[in-house]
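Here our numbering is used: the first residue of the sequence shown is 0, the next is one more, and so on.
Heads up, the beta-carbon is just placed ideally off N, CA and C, and yes, glycines get one too.
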Amino acid sequence: MSRSPLALAALATAAIPGLNVVAVRRPSQPGADFDVAVVVDSTRRHWVIRAPVRPAAGAALDAEVALLEQIAVQVDDGRLPFAVPRPAGFAHLPEGGRALVHAEVPGRPLRLETLAAGPGLAASLGRAIAAVHQLPIDLVENVGLPVYDAGAYRERRLAELDEAARTGKVPPTLLKRWESRLEDVALWRFQPTVVHGDLTASHVLTDGRAVTGMLGWGDTKVADPADDLAWLLVAAPQDAVESIMEAYHLARTELTDAHLVERALLGGELALARWLLYGVRSGNASVVADAVQMLEELDEHALPASFG
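Here it is, written out as structure tokens:
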């Protein structure tokens with residue numbers, strides 16, 4: 000059973016002694032793994048409280064907290080051009096684990112349809128993602144989050160594809176094309192970087208002109224930088240994508256990755272297989288049906304030469 004906003008507000012007051020809550024609301028885009036509320040204190044300052052709804056989410060939250068403490072140093076040193084959540088307090092939960100409270104990060108969730116070509120928000124987004132990919136790898140290693148080399152990451156993707164194939168719900172032509180791309184070792188020669196791992200419009204905050212914050216660092220890892228670009232190459236307006244990628248390449252030092260865009264486009268397709276697997280593993284029939292529909296639409300419209 001999910002916690003009510005009032006229950007979450009009570010946890011926030013336990014996490015931060017002296018916090019005087021005068022208002023509480025659900026966020027505009029709540030997550031599936033956490034009960035979340037935004038509380039307002041008597042000074043009109045906004046705080047976010049996140050309480051995990053299952054043990055796995057609690058473990059992920061602990062790793063995220065350790066990472067955020069490291070990333071905040073990078074923000075303060077000017078290496079990241081945006082804000083991140085900064086843990087301010089914790090409340091222990093009756094069932095075990097703890098809830099996190101942090102000051103609300105400024106900005107509004109990104110609206111992909113508003114991205115336009117030029118030196119504005121699209122370029123800021125490219126620079127922001129590049130800054131993440133320039134972070135020291137030991138930030139991730141030191142807090143025990145996953146670290147992959149290129150070969151191991153390709154094997155991980157192959158294993159996911161094999162699992163998706165066993166569901167019998169992926170069109171055979173898609174499977175054949177994906178297998179061909181995953182078995183092309185040359186495509187997977189890349190330098191692993193820190194990747195956010197869960198970049199979506201709801202996790203990127205802006206003021207309409209620049210990226211102001213990034214949320215949702217629980218899936219951060221050292222892996223393929225193409226993963227953080229896939230959602231944009233698939234869903235953002237094409238002219239904005241050109242500005243994003245131009246700014247990204249200018250901000251990355253010593254970037255030599257001839258197949259970055261190719262892997263990002265492939266990653267956008269493989270995300271549908273992972274969505275299918277999520278539905279199967281969680282027993283969520285509506286997610287499975289949604290994934291199957293999107294896979295069938297992709298199979299109908301994608302061309303074998305779509306990756307050049």
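So, are the CB atoms of Val-47 and Val-37 less than 9 Å apart?
yes
In terms of DSSP beta bridges, what is Arg-107 paired with?
Thr-205
So Glu-241 and Ala-116 are in contact, right, with Cβ under 8 Å, and what is the actual spacing, rounded?
6 Å
Which residue wins for smallest C-alpha separation from Trp-216, given the options Ala-6, Gly-17 and Val-139?
Val-139
Please return the same chain residues whose Cβ sits closer than 6 Å to the Cβ of His-101, not counting the five positions on each side in sequence.
Val-47, Pro-84, Arg-85, Pro-86 and Ala-87
Rounded C-beta distance between Thr-35 and Pro-26? I'm assuming under 8 Å.
Sequence check: residue 35 is Val here, not Thr. With a Cβ gap of about 5 Å, Val-35 and Pro-26 count as contacting.
Assuming Glu-253 and Pro-170 form a contact by the criterion Cβ under 8 Å, report the distance between their Cβ atoms to the nearest whole angstrom.
About 40 Å; that fails the 8 Å criterion.
Within the same chain, show all residues whose beta-carbon is closer than 6 Å to that of Gly-196, passing over the 5 residues directly before and after it, in chain order.
In its chain, beyond the 5 residues on either side, Asp-218, Thr-219 and Lys-220 have a beta carbon closer than 6 Å to the beta carbon of Gly-196.
Name the residue from Leu-249, Gly-212 and Arg-97 whose alpha carbon lies nearest to the alpha carbon of Val-64.
Arg-97
Counting along the chain, where does the alpha helix (DSSP H) carrying Val-74 start and finish?
54 to 75
If you count every other CB in all the chains shown that lies within 10 Å of the CB of Pro-392, and 16 or more means buried, which is it?
This structure does not reach residue 392, given that the chain is present from 0 up to 307, and the question cannot be answered.
Just verifying my parser: in three-state terms, what is the DSSP assignment at Gly-88?
strand
Between which two residues does the beta strand (DSSP E) carrying Gly-212 extend?
Where Gly-212 is concerned, the enclosing beta strand (DSSP E) stretches over 210 to 213.
Determine the direct distance from the alpha carbon of Pro-51 to that of Ala-94, and round the result to whole angstroms.
In the sequence on display, residue 94 carries Glu and not Ala. Their Cα atoms are separated by approximately 10 Å.
In chain order, what residues of the same chain lie with their CB nearer than 7 Å to the CB of Leu-181, ignoring the 5 residues before and after it?
Arg-153, Arg-156, Leu-157 and Leu-160
Which residues bound the alpha helix (DSSP H) around Ile-128?
120 to 132
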